[in-house]
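Chains as they are written, first to last, in the numbering used here: chain A, 1 to 442; chain B, 1001 to 1462.
Structure, as structure tokens:
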Amino acid sequence: MTRLGHNLALALAVTLTALAGKARAAVEIQEVTSPGGITAWLVEEHTIPFTALEIRFKGGSSLDAPGKRGATHLMVGLLEEGAADRDARAFAKATEELAAQFNFDIYDTAVAISARFLTENRDQAIDLLRTALVEPNFEAESIERVRAQVVSIIQGDAQDPSTIARTRFDRMAFGDHPFGSPHEGTLESLAALTRNDLVDAHDRALAKDRLYIGAVGDITPEELGLLLDRLLGDLPDTGAEIPEDPAFALDVGLTVIPFQTPQSVAFFGHEGITRDDPDFFAAYVVNEIFGGSGFQSRLMQEVREKRGLTYGIGSYLASFDEVGMVLGQVATANDRMAETVSLLRDLWAEVAETGVTQEELDAAKTYVTGAYPLRFDGNATIARIMVGMQTQELPIDYIATRNDKINAVTLEDVNRVAKRIYRPEDLHVIVVGQPDGLPMTE
Amino acid sequence: MVHPVSSRPTRLLAVLATAFLAALPARAAEVTNFTLDNGMEVVVLEDDRAPVVVHMVWYRAGSADEPPGRSGIAHYLEHLMFKGTDKRGPREFSDIVAANGGTDNAFTSYDYTAYFQRIAADRLEQMMEMEADRMQNLSLLQTDVVTERTVVLEERNQRTENEPGGLFAEQRRAAQFLNHPYGIPVIGWKHEIEALTVNDAIAFYEEFYAPNNAILVVAGDVEADEVRALAETYYGVIPPNPDLKPRERVSEPPQLAERRLVFEDPRVSQPYVLRTYLAPERDPGDQRDAAALALLREVLGGSGATSVLGQKLQFETQQAIYTSAFYSGGSLDDTTFGLIIVPSEGVSMADAEAALDQTVAEFIETGVDPDQLARIKMQIRASRIYADDNISSLANRYGGALAQGLTVEDVEAWPKILDSITEDEIIAAAKRVFDRDKAVTGWLKAPDPETEAETEAAEVLQ
């Protein structure tokens, strides 16, 4: 079925806004510590007989050993491809028999496991998931099958204008640090990975000293504590040291990468602020006004609504522990990209220079605070939100106080912070395509 | 920086995924439906777990209802519906939703166009007032209309012109449907979008945007009685369109010959073979054939590690890095059943296609593995539990079904019908649907300068 949604900006602008926290009036979070000492946040929700469990191991692909780029990514792809006495097919069949659902994801800074399982066979589901996390087989045949899939991803990324732009931005910003390259690795580094590298990547990434857990559903604190020990108790206590974040090394500029396609894609941004910066809430609000989700942002109004230059444009705040960024993306026909980039730079300079109005601030605050409780609308969503809160070291009662922090932001705050986070003198734009009137830089 | 990437190369194929497991109704959510005096249907799904409501209006008007030569008008009108009414300016609707902490959007498909807001439950009345206003009083300024057409063209650039897989899909569908408008892309052909006018949009609006052609779905922390009272107040007063015609589209002639095409584009990094067969859809009171096809899809191509295609081609012969089957019974008219194989490195397209065909032929010979069918049915039962956790997707399910000619009873009967389908019925459905005379076989690949024969075939053969 083909469905044409109306607003792409929604999709590209919200990536990190989820960092801002969350709240359903009725969400009651309990902290649970298992007999074995594993801590989790829990929301009991007994009306539907299943539980959503979100587990995150901090570190992710940034833990790749030197020269082993792609190892953690490939390792995570193999967790469901055979464990203990089951091969990949037997593992999949066992999962289907229980109607459990396990997803294994990798990010630059975390390995994430999302699980859903029925109350009626919870123990069996947990035993099965335990084997994937603790006793993956990394059989030679599975390694080659998944490696071929990753090769396909790498080759596909090399032909995708958005990914080309984003990858180049990361490389220019972070160089040799793992944040500076795709976590799949290169065709060469991927080809060189051995089974030992995967075992090593597993030891480095999946350890109890870096766990964050959220659970929502039909389960009591006591049951959850026992479950966590059963599921995770056999993992090693410690893993590899998590590397420090790199400095952001990209300067102002325009990079144009030739690619034969009718519509150019631009990825842009510069260094910003981190999630724990005292100005974070003001920055979040001013970005909502400038480039946030929805049709109301200045970028959408000026670039799409008034001029019809694009289907979607947005900006967003992204943050690692020690380095933050302000980023954005836009796509437009090759003969209109030069105009779009010029307009983008003007708008970037304008918001830094003159800030926003009280009216814009009031509207943004109303939206941001009103939208907050709407986020808490499903077990898996709430579990993910709780893990996000823990990784950001937010207090367990954060949800109740978050809107107060938004409401406390003043016009003076946002206009001071606008100058901090929009810096036309640092803005780098990477364009991929055949844009008329923009010089190819390579 | 946080870009989650699946460990499977499914991104290029995501558009094809239409797991029937997502097509199940609620178990716990309370469902109420009724019809207003002016013919507008209403479905209410009650779920008080969060103080949220999803308010949707679905029109029985999609791209397949467009007049000839005006492809894209349904979708273009969807964009223009945000440009204001007699009493509200451009974007004011969305601004009001945002000012109340909500989000709004719309989407268009072959059989429907739908508008929705997701907002705090106590704002439902205002949403109804505004959506009812927009049903009757659209007001379009010439400047907005022209600017928005360029936005739509950029949308087409993004979805289709910049995506070889998108262009390939258009060519395949055009070959699949000899006469039916499902062969025309929802967003429209580029040259026809460029020629769309405000008068085209208004004509479409006046013909189709009326309460007797609309379905209201309200889902979330609401009560049916309250929704009924509000719906009567705001929608019930809108006069029906007495000239609304019966929804009859042109039908397909007999399809007598397989169509084959090779689509070449230098941007293709991963070639694949994809075949679609003309297939029946879910019909009101008559969903058994579609249910058998939905199960056939699961059995053949549901999970890479346990499906017939995956086990054979990804695990045993390792000729493929990805295989799948796809089928969605939700459609007003005949739809398609599809198969795909992404060959492993070194496996030719011809060999991949032959391996796919051989695997399907062996499956029809061998029959359905009863253990596999039992596992699938277990997941169907569980999906009814999981489905209760997402009220928005439930709302979509009911709205889509009703816009495509089904009833609430059909939606609720669907899981039981799926559960009752036998192994023999699945094989019989496979034998009926896998008719090459009604099929389109497409190859998507990068041009290969060394083989002239393939280059020559780079046109649509029909």
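Cβ coordinates follow ideal geometry from the N, Cα and C atoms, glycine included.
Hey, could you find the ends of the alpha helix (DSSP H) His1075 (chain B) is sitting in? Ile1073 to Leu1080
Would you decide whether Glu1194 (chain B) is buried or exposed? Buried here means 16 or more other CB atoms lie within 10 Å of its CB. exposed
Interface positions of the stretch 1094-1126 of chain B facing chain A (Cβ-Cβ less than 8 Å), listed along the chain: Ser1094, Asp1095, Ala1098, Ala1099, Asn1100, Gly1101, Gly1102, Thr1103, Asn1105, Ala1106, Phe1107, Thr1108, Ser1109, Tyr1110, Arg1118, Ile1119 and Ala1120
Please state whether DSSP places Gln1270 (chain B) in a helix, a strand or coil. coil
What does Met1056 (chain B) pair with, by DSSP beta-bridge criteria? B:Phe1116 and B:Val1217
Closer than 9 Å to chain D by CB, Pro373 (chain A): The structure shown contains no chain D; the protein chains it does contain are A and B.
Alpha carbon of Leu1036 (chain B) to alpha carbon of Ser1328 (chain B), nearest angstrom: 30 Å
Since Asp1389 (chain B) meets chain A, which of its residues come closer than 8 Å, beta carbon to beta carbon? Ile48, Phe50, Ala52, Gly378, Asn379 and Ala380
Identify the contact partners of Lys93 (chain A) in chain B, using a Cβ-Cβ distance below 7 Å as the criterion. Thr1306 and Arg1375
At the level of alpha carbons, what is the spacing between Ser1331 (chain B) and Ser1109 (chain B)? 10 Å
Is Gln434 (chain A) closer than 9 Å to Thr261 (chain A) when the C-beta atoms are compared? yes
So with CB distances below 8 Å, who are the chain B contacts of Gln263 (chain A)? Glu1154, Asn1157, Gln1158, Glu1161 and Asn1162
Own chain partners of Ile219 (chain A) with C-beta closer than 8 Å, once the 5 adjacent residues on each side are dropped: Leu42, Glu44, Thr51, Thr119, Arg122 and Leu227
Is it true that the CB of Met172 (chain A) sits closer than 9 Å to the CB of Leu250 (chain A)? yes
Taking Pro1370 (chain B) as the reference, give the member of B:Ser1307, B:Ile1238, B:Gly1072 and B:Val1268 with the closest Cα. B:Ser1307
Residue ranges of each beta strand (DSSP E) within the stretch 1085-1110 of chain B, 3 or longer: 1103-1108
On the DSSP bridge list, what partners appear for Gly82 (chain A)? A:Asp87
Output, in chain order, the set of chain B residues within a Cβ distance shorter than 8 Å of Ala99 (chain A). Met1378, Gln1379, Arg1381, Ala1382 and Ser1383
Residues near His177 (chain A) by beta carbon distance below 6 Å, same chain, minus five either side: Pro246
Do the CB positions of Met327 (chain A) and Glu302 (chain A) come within less than 9 Å of each other? Met is not the amino acid found at residue 327 (chain A); the sequence shown has Leu there. No, they are not a contact pair.
Which two residues bound the contiguous beta strand (DSSP E) that contains Gly1338 (chain B)? Thr1335 to Pro1343
C-beta atoms of Val1299 (chain B) and Ile1376 (chain B) nearer than 9 Å: yes
Measure the C-alpha to C-alpha separation of Met440 (chain A) and Arg375 (chain A) and round it to an integer number of angstroms. 43 Å
Closer than 9 Å at the beta carbon, the chain B residues around Arg89 (chain A): Ala1305, Thr1306, Gly1310, Gln1311 and Phe1315
Could one say the Cβ of Ala1050 (chain B) lies closer than 9 Å to chain A's Cβ atoms, at least one of them? yes
Between which two residues does the beta strand (DSSP E) containing Met325 (chain A) stretch? Gly324 to Ala333
Taking the alpha carbon of Gly370 (chain A) as the reference point, which residue from B:Asn1033, B:Arg1123, B:Glu1161 and B:Tyr1076 has its own alpha carbon closest? B:Arg1123
Phe73 (chain A) by DSSP, collapsed to three states: which one? The residue you asked about is not Phe; residue 73 (chain A) is His in the sequence shown. His73 (chain A): helix per DSSP, three-state reduction.
Taking Ile1426 (chain B) as the query, report the chain A residues whose CB atoms sit under 7 Å from its CB, ordered along the chain. Here the premise fails: no neighbours, minimum Cβ distance about 17 Å.
Taking Cβ to Cβ, would you say Phe1168 (chain B) is nearer than 9 Å to Leu1274 (chain B)? yes
Take Val1042 (chain B) as the anchor and find which of B:Ile1119, B:Leu1153 and B:Asn1213 has the nearest alpha-carbon. B:Asn1213
8 Å CB neighbourhood of Ala1121 (chain B) in its chain, flanking five on each side removed: Pro1051, Val1052, Val1053, Gly1220, Asp1221 and Val1222
Is there a Cβ of chain A sitting closer than 9 Å to that of Tyr1386 (chain B), yes or no? yes
For Asp197 (chain A) and Leu74 (chain A), what's the separation of their Cα atoms in angstroms? 10 Å
Quick one: grab the DSSP three-state call for Arg1282 (chain B). coil
Kindly indicate which three-state DSSP category Asp234 (chain A) falls into: helix, strand or coil? coil
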